[in-house]
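Trainee: Quick one: the structure is below, questions incoming.
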Amino acid sequence: MARSSAEADTEGGEGYFASVSDLMVGILFVFLLMLTVLALNFREAEQQQVVALERYEQLRIQAEEARRRAEEQEAEARRLADVVRLALSDAQRQRAEAERQAEIARLAEAEARRQQELARERTAEAEALRARNERLQVALDAAVARLQQEIREREEARANLLERLRAILRGRGVIVDPEHQSGLLRLSGDVLFASNSAELSEGARRAVEILADVFVRLLPCFTVGMERTNCGPLDKPILEAVLIEGHTDQRGTISNNDRLSAERALSVFAAMRDRQPTLENILNSNSVPLLGISGYGQRRPVALGSDEAAFAQNRRIDIRFVLSARTSEELRRLIEQIDALRQVPP
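So the sequence shown is numbered by UniProt numbering: it starts at 1 and just counts up by one.
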């Protein structure tokens, strides 16, 4: 029994230890299991951490890429903004330039219109001036033609007067030499004056009286304001003056010859007036006496010799017929028309 108890105790003790070892094995198993679980969990956590790190790195890379892209986009946006700003500025500049060019074009168009209007005005003025100049030229041509005609008619009338005087005087025994260009009759020779004398010889006085008779009949036909009787169709009021001019030869002093020539002219004038007092009543267009006198001394010789024949030719009386400058009514009208055209503004 005792053995049995001992065996029983032994068996009981062995059973206890067996239970403890089983327990320990179980605990160890549990522990190992826990370690395994823990290891698995750690490994899983480590893997998760690796995954997390990888995910973080990916996210960081993505974030960096996103930041880089954002910076690039921001830079691009700034570039585009600059481009837009430059484009806007260029557009504004172009618009301003276009406006400036438009203003220039407007001003140029206005200036062109002004110049065109000015050109039209100048053309009109030039046309008016041309027309006025044409009218003025026509009037001037008519005036010149009329003046030339009047001069020609007066010279022809004076030449006719000189020829009529020569013919009439020759018919009455008085010889005169007409000079048509100078418009004078020349009386010369000792028949008029002796040397250094102003006294008319008897034959000279008779010739001067005949001259006075002819003058009193003919001269009124060539002046205005006198009764014109027995006048020819070519007789016109052309005379301004009829000058009795005295001359001497070159002998003697100049002062004495000046006095002597004037005295000779005065002697002829006095003899004519004594013969025909009405000669002083013959007036020119200015209502002053037609007859006058002048003395030229020895200054106008007609013969240059120093012999007695030349001296006799230079002791002479010239009767000069001075043409009037009075214009006809037609010429005066043309001159007034010319003056009126000159005063009219173009």
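All residues carry an ideal CB built from backbone N, CA and C; glycine is no exception.
Assuming Q276 contacts D213 under a Cβ cut-off of 8 Å, what Cβ separation, rounded to an integer in Å, is found between them?
Mentor: 7 Å
Trainee: Please give the ranges of any beta strand (DSSP E) in the region 47-84, keeping only runs that are unbroken, at least 3 residues long and fully inside the region.
Mentor: none
Trainee: Keeping to the same chain, check which residues put their C-beta closer than 7 Å to that of Q337; ignore five residues upstream and five downstream.
Mentor: A139
Trainee: Tell me where the beta strand (DSSP E) around S287 begins and ends.
Mentor: S287 -> no beta strand (DSSP E), and no H or E assigned at all.
Trainee: Could you give the C-beta distance for V242 and I319, rounded to a whole number, given that I count them as a contact under 8 Å?
Mentor: Contact check for V242 and I319: beta-carbon distance about 6 Å, within the 8 Å limit, so the pair qualifies.
Trainee: Helix or strand or just coil, what does DSSP make of V37?
Mentor: Helix, per DSSP.
Trainee: Does DSSP classify S255 as helix, strand or coil?
Mentor: helix
Trainee: Which of the three DSSP states is assigned to G246 in this structure?
Mentor: strand
Trainee: Tell me which same chain residues have a C-beta within less than 7 Å of the C-beta of V224, skipping the five on either side of it?
Mentor: Cβ neighbours of V224 beyond the five flanking positions: P237 and S285.
Trainee: Compute the Euclidean distance between the alpha carbons of S306 and D249, then round it to the nearest angstrom.
Mentor: 9 Å
Trainee: By Cβ distance, which residues of its chain are closer than 7 Å to E153, with the 5 residues on each side in sequence left out?
Mentor: K236
Trainee: Do F193 and R315 have their beta-carbon atoms positioned less than 8 Å apart in this structure?
Mentor: yes
Trainee: How should Q279 be labelled, buried or exposed, when 16 other C-beta atoms within 10 angstroms of its C-beta is the threshold for buried?
Mentor: Per the sequence shown, the amino acid found at residue 279 is Leu instead of Gln. Buried, because 16 or more other Cβ atoms sit within 10 Å of the Cβ of L279.
Trainee: Under 8 Å by Cβ, that's how I've got residue 347 and I210 pegged, so tell me the actual separation to the nearest angstrom.
Mentor: The chain is shown from 1 up to 346; residue 347 falls before or after that span and cannot be answered.
Trainee: Can you list, in chain order, the residues of its chain with a C-beta nearer than 7 Å to that of L184? Leave out the 5 residues immediately preceding and following it.
Mentor: D318, I319, R320 and F321
Trainee: Pop quiz: G297 and I254 are said to be a contact at Cβ under 8 Å. What is the actual Cβ separation, rounded to whole angstroms?
Mentor: Contact annotation, G297 with I254: C-beta distance approximately 6 Å; criterion of less than 8 Å satisfied.
Trainee: Using three-state DSSP, classify I319 as helix, strand or coil.
Mentor: strand
Trainee: Please identify the residue among A112, L239, R333 and Q92 whose C-alpha is closest to the C-alpha of A159.
Mentor: L239
Trainee: Over the uninterrupted beta strand (DSSP E) stretch that includes residue 376, give me the two end residues.
Mentor: The first residue shown for the chain is 1 and the last is 346, placing residue 376 beyond what the model contains.
Trainee: When the distance is taken between beta carbons, is A271 closer than 8 Å to V216?
Mentor: no
Trainee: Between which two residues does the alpha helix (DSSP H) holding D213 run?
Mentor: Its alpha helix (DSSP H) spans residues E202 to L218.
Trainee: Classify S182 as buried or exposed, calling it buried when 16 or more other Cβ atoms lie within 10 Å of its own Cβ.
Mentor: exposed
Trainee: Let's test the definition: count the other Cβ atoms within 10 Å of the Cβ of A39 and tell me whether it reaches 16, buried, or not, exposed.
Mentor: exposed
Trainee: So A265 and I244 are supposed to be a Cβ contact under 8 Å. How far apart are they, rounded?
Mentor: 5 Å
Trainee: Please state whether DSSP places A303 in a helix, a strand or coil.
Mentor: coil
Trainee: For the beta strand (DSSP E) holding E308, just list the boundary residues, first then last.
Mentor: Counting along the chain, no beta strand (DSSP E) covers E308; the unbroken alpha helix (DSSP H) around it starts and ends at E308 to N314.
Trainee: Using the Cα positions of A110 and A96, report the straight-line distance between them to the nearest angstrom.
Mentor: A straight line joining the alpha-carbon of A110 with that of A96 spans about 20 Å.
Trainee: Do you know offhand how far T36's Cα is from S19's?
Mentor: 24 Å
Trainee: Alpha carbon to alpha carbon, how far is E227 from I335?
Mentor: 29 Å
Trainee: Evaluate S21 with the Cβ neighbour count: other Cβ atoms within 10 Å of its Cβ, from every protein chain shown; 16 or more gives buried, anything less gives exposed.
Mentor: exposed
Trainee: Could you tell me the alpha carbon to alpha carbon distance between A303 and D339, rounded to whole angstroms?
Mentor: 48 Å
Trainee: If you measure between the beta carbons of R166 and V176, is that distance less than 8 Å?
Mentor: yes
Trainee: Can you tell me the Cβ-Cβ gap for R186 and E179, rounded? I've got them flagged as a contact below 8 Å.
Mentor: 7 Å
Trainee: Helix, strand or coil, according to DSSP, for E179 in the structure here?
Mentor: strand
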